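Asks: Numbered as in our numbering, the sequence shown ends at 1247 without a single skipped number.
First the structure, which I've put down as structure tokens, then a few questions once you've had a look.
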Amino acid sequence: MKKIALITTNKILAESLDSAMKSMPNSKLELVLLLNSHQALLDAEIHEIEVALIDMGTINVMDKARVEGDRSLSFCERLNKSLPNCQILLLVSGDDLVNRELATKAKKKKIIHDFVFYDASLKYLLAKLTAL
């Protein structure tokens, strides 16, 4: 089983994805919900996660620093350092131009492995998580 952590402060998103994944008994994915952004890094290490599915809105809460107008991705960098084999997948709003650009830059710099838009289908998201 591949251990995936959903890192978000959005409880509706977390509970919905958790419920959807539990309804798929043949899935080879185990979802861990990390809802406290202040201890998400420690929890990720304790659970020895293989994939971090990170809600981009949560990163904005965790990384309040701004560098030349860009939001920082220091949480993702710290996660890479703590768990170098962990794949990072960001959940991004397609309507948020700033976060879309930030996710694209982070992927090019290899800070993250990929990103998915919130409006992607559940089937696509699960296929992406399985492929990582």
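Built from N, CA and C at the ideal position, the CB exists for glycine as well.
This one's a predicted model, so the numbers in the text were calculated from it and none came from an experiment.
Taking the C-alpha atoms as reference points, what is the distance between E1145 and L1121?
Replies: Here residue 1145 corresponds to residue number 30 of the sequence shown, with the count starting at 1. Here residue 1121 corresponds to residue number 6 of the sequence shown, with the count starting at 1. Approximately 10 Å, taken between the alpha carbons.
Asks: Give the DSSP-derived three-state secondary structure of I1127 in the structure shown.
Replies: As a position in the sequence shown, residue 1127 is number 12, starting the count at 1. Per DSSP, reduced to three states, the secondary structure at I1127 is helical.
Asks: Under three-state DSSP, which class holds E1165?
Replies: Walking along the sequence shown from the start, residue 1165 turns up at place 50. Coil, per DSSP.
Asks: Taking a contact to mean a Cβ-Cβ separation below 9 Å, would you say A1159 touches L1149 in this structure?
Replies: The residue given as residue 1159 occupies position 44 in the sequence shown. The residue given as residue 1149 occupies position 34 in the sequence shown. A contact, by the Cβ cut-off of 9 Å.
Asks: To which residues of the same chain is V1116 closer than 8 Å at the C-beta, ignoring the five residues directly before and after it?
Replies: For the purposes of this step, residue 1116 is identified with residue 1 of the sequence shown, where counting begins at 1. First, the amino acid is wrong: residue 1116 is Met here, not Val. Around M1116: K1143, L1144 and E1145.
Asks: Can you tell me the Cα-Cα spacing of N1141 and T1219, whole angstroms?
Replies: In the sequence shown, counting from the first residue as 1, residue 1141 sits at position 26. In the sequence shown, counting from the first residue as 1, residue 1219 sits at position 104. Near 33 Å, if we compare the C-alpha coordinates of T1219 and N1141.
Asks: Under 8 Å Cβ to Cβ from C1201, same chain only, skipping five residues before and after it: list those, please.
Replies: As a first step, residue 1201 must be located in the sequence shown, where it is residue number 86. So the list reads A1159, I1164, E1165, V1166, A1167, L1194 and N1195, once near-sequence residues are dropped.
Asks: Compare the beta carbon distance of L1132 and L1204 with 9 Å and say whether it is the shorter of the two.
Replies: Position 17 of the sequence shown, counted from the start, is the residue given in the question as residue 1132. Position 89 of the sequence shown, counted from the start, is the residue given in the question as residue 1204. For L1132 and L1204, no; Cβs fall outside 9 Å.
Asks: For M1171, is the classification buried or exposed, using 16 other Cβ atoms within 10 angstroms of its Cβ as the cut-off for buried?
Replies: Taking the first residue of the sequence shown as position 1, residue 1171 is located at position 56. Sixteen is the threshold: when 16 or more other Cβ atoms of the shown chains lie within 10 Å of the Cβ of M1171, as they do, the residue is buried.
Asks: What do you get for I1119, buried or exposed, if any count of 16 or more other CB atoms within 10 angstroms of its CB means buried?
Replies: By 1-based counting over the sequence shown, the position of residue 1119 is 4. Buried.
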